[in-house]
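Participant: Residue numbers (my numbering): 186 to 456.
Got a structure for you, questions after.
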């Protein structure tokens with residue numbers, strides 16, 4: 186890390202794995218390579234970004250905290266999408282060879298002052314990555330969500346097959362024509378998906394590029410969105426609540442209890 190530029194790109198390495206983080210662009214993971222193979226879709230909008238202080242769509246950008254109604258900017262007509270920090274300029278608090286910590290302040294248009302922290306840690310042997318998020322308030326309590334939106338390449342570009350997505354969810358959140366969960370839980374349906382699934386025993390999804398690589402994504406929280414409707418990449422998004430969760434299932438951040446969530450990605454080469 187360049188100590189004179191706390192938002193400069195951070196590069197972490199362990200064994201044959203290299204991870205790049207860009208705090209100046211939402212603290213997103215811009216590249217994850219193992220044995221020289223890139224796993225994340227490239228581009229300023231892609232990689233893997235943080236969703237906070239809400240995940241997915243918030244209905245018409247509106248939500249309540251007690252009797253008060255709040256309006257967020259609508260950026261995914263007609264909804265507010267993926268929080269306020271994914272394009273923000275974060276600050277690098279510390280970085281060493283295999284881990285780094287970053288923070289960003291919650292400010293307008295979010296109605297309360299707070300802070301989001303992301304800790305990024307590569308496993309010593311280079312076969313895994315753990316991400317941890319914390320959302321804190323600087324004063325009043327507020328409802329919030331947090332999670333990640335990684336874009337994994339559908340094909341690793343070495344002539345192999347496209348990725349396969351395997352998981353065993355207890356339910357699927359049925360969504361209405363507005364793309365929001367309608368309150369009904371249904372048996373998981375076959376893809377393609379832009380859907381939220383419930384895993385009460387914790388998120389556990391496996392991506393397999395046959396003959397090349399297997400990546401398992403896990404976490405203690407029970408919600409995951411799977412999106413595979415684009416030809417270039419697939420998304421597996423662990424999060425602390427379902428889409429529109431500020432209205433339907435908020436987690437409350439208080440001065441003594443932050444919102445915390447973690448996910449681990451572990452991988453093994455198949456050849």
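We put the CB at the ideal spot given by N, CA and C, even for glycine.
Every value quoted in this text rests on a predicted model; they were computed, and no experiment measured them.
Count the other CB atoms, across all protein chains shown, that sit within 10 Å of the CB of residue 330; report buried if there are 16 or more and exposed otherwise.
Facilitator: Residue 330 comes out buried.
Participant: According to DSSP, which residues form a beta bridge with residue 381?
Facilitator: In DSSP, residue 381 forms a bridge with 410.
Participant: For residue 348, which option in 438, 360 and 397 has the closest C-alpha, if you only look at C-alpha atoms?
Facilitator: Of 438, 360 and 397, the residue nearest in Cα terms is 397.
Participant: Do residue 235 and residue 318 have their C-beta atoms closer together than 8 Å?
Facilitator: Yes.
Participant: Consult DSSP for residue 244 and reduce its assignment to one of helix, strand or coil.
Facilitator: Helix, per DSSP.
Participant: Taking only the alpha-carbon atoms, compute the straight-line gap between residue 147 and residue 252 and give it to the nearest angstrom.
Facilitator: Examination of residue 147 is not possible in this model, given that the chain is present from 186 through 456 alone.
Participant: Report buried or exposed for residue 358, applying the criterion of at least 16 other Cβ atoms within 10 angstroms of its Cβ.
Facilitator: So residue 358 ends up on the buried side.
Participant: Is the Cβ-Cβ distance between residue 305 and residue 197 less than 8 Å?
Facilitator: Yes; because the gap between Cβ atoms is below 8 Å, this pair is in contact.
Participant: Using alpha carbons as the reference points, say which of 214, 444, 266 and 391 lies closest to residue 363.
Facilitator: The residue with the shortest Cα to Cα distance from residue 363 is 266.
Participant: Do you know whose CA, among 276, 377, 425 and 376, lies nearest residue 407's CA?
Facilitator: Of 276, 377, 425 and 376, the residue nearest in Cα terms is 425.
Participant: Buried or exposed: which applies to residue 367, given that a residue is buried once 16 or more other Cβ atoms fall within 10 Å of its Cβ?
Facilitator: Result: exposed.
Participant: Taking 7 Å as the cut-off, is the C-beta of residue 362 nearer than that to any heavy atom in the ligand SAH?
Facilitator: Annotation note on the ligand SAH: not contained in the displayed structure, which lists no ligands.
Participant: Let me know if residue 322 comes out buried or exposed under the rule of 16 or more other beta-carbons within 10 Å of its beta-carbon.
Facilitator: Residue 322 is buried by the Cβ-count criterion.
Participant: Just the C-alpha distance for residue 536 and residue 270, rounded to the nearest angstrom, thanks.
Facilitator: Residue 536 lies beyond the stretch modelled for the chain, which goes from 186 to 456, so this question has no answer here.
Participant: Does the count of Cβ pairs from the region 374–393 and the region 285–301 closer than 8 Å reach three?
Facilitator: The region 374–393 is not in contact with the region 285–301.
Participant: Is the beta carbon of residue 365 sitting closer than 8 Å to the one on residue 281?
Facilitator: It is not a contact, given that the beta carbons lie outside the stated cut-off.
Participant: Return the bridge partner residues of residue 332 from the DSSP annotation.
Facilitator: In DSSP, residue 332 forms a bridge with 236 and 424.
Participant: Which class does residue 366 belong to by DSSP, given the choice of helix, strand or coil?
Facilitator: Strand, per DSSP.
Participant: Excluding the 5 residues preceding and the 5 following residue 231 in the sequence, name in chain order all residues of the same chain whose CB lies nearer than 6 Å to its CB.
Facilitator: Taken in chain order, the residues that qualify are 336.
Participant: Going straight from the alpha carbon of residue 275 to that of residue 214, what length do you get?
Facilitator: Roughly 13 Å separates the two Cα atoms.
Participant: Hey, how far is the Cα of residue 205 from the Cα of residue 284?
Facilitator: The alpha-carbon atoms of residue 205 and residue 284 are separated by roughly 11 Å.
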